[in-house]
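Have a look at the structure below before the remarks.
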Amino acid sequence: MHSSNHIIMFADDTTVVGLIRKNDKSAYREEVQRLTAWCKANNLSLNMEKTKEMVVDFRRAQSDHSPLDIDGSNVEIIKSTKFLGVQLAEDLTWSLNTSSIT
1 MHSSNHIIMF
11 ADDTTVVGLI
21 RKNDKSAYRE
31 EVQRLTAWCK
41 ANNLSLNMEK
51 TKEMVVDFRR
61 AQSDHSPLDI
71 DGSNVEIIKS
81 TKFLGVQLAE
91 DLTWSLNTSS
101 IT
């Protein structure tokens, strides 16, 4: 694993977090490819309908991000996601849905 990447696993969810500097996405994309290869080697399949990418970009001059490709399928880029019960947005604002907590 590259030092700028982290893999977070919880139950049946896996999250890859990559820090991209100087617009070099190679370490992040290689990490995703390694994870994909590991899944195949261990007879696990990625659900591409549930696989999403959220880009957090604080640069002043933001540019479009090309979608991540996994085995010929483009991964949908989303603006927010639910992560361990917290709704997290691309600007790193968050909210907690307490109605689902029992």
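full-length UniProt numbering puts the first residue of the sequence shown at 1, with every later residue one more than the last.
Cβ atoms here follow ideal geometry from the backbone N, Cα and C, with glycine treated the same way.
With respect to residue 70, residue 52 sits apart: the two C-beta atoms are not nearer than 9 Å. The alpha carbon of residue 29 has as its nearest neighbour, out of 40, 16 and 38, the alpha carbon of 16. Runs of the beta strand (DSSP E) lying entirely within the segment 74-100 and spanning at least 3 residues, in chain order: 76-78, 80-83, 86-89 and 94-96. Exclusion of the five residues before and after residue 75 leaves 48, 51, 52, 53, 67, 68 and 69 as the residues of its chain whose Cβ lies within less than 8 Å of its Cβ. Here the alpha carbons of residue 57 and residue 90 stand approximately 8 Å from one another.
Taking each of 93, 21, 8 and 23 in turn and checking the Cα distance to residue 32, the smallest one comes out for 8. Residue 40 carries a helical assignment under DSSP once its states are collapsed to helix, strand and coil. According to the DSSP secondary-structure assignment, residue 6 is paired through a beta bridge with 17. Spatial neighbours of residue 88 in its own chain (CB-CB distance under 8 Å, excluding positions within 5 residues in sequence) are listed in chain order as 54, 80, 81, 82 and 94. At a Cβ-Cβ threshold of 9 Å, residue 19 and residue 5 count as neighbours. Judged by DSSP in its simplified three-state form, residue 49 adopts coil rather than helix or strand.
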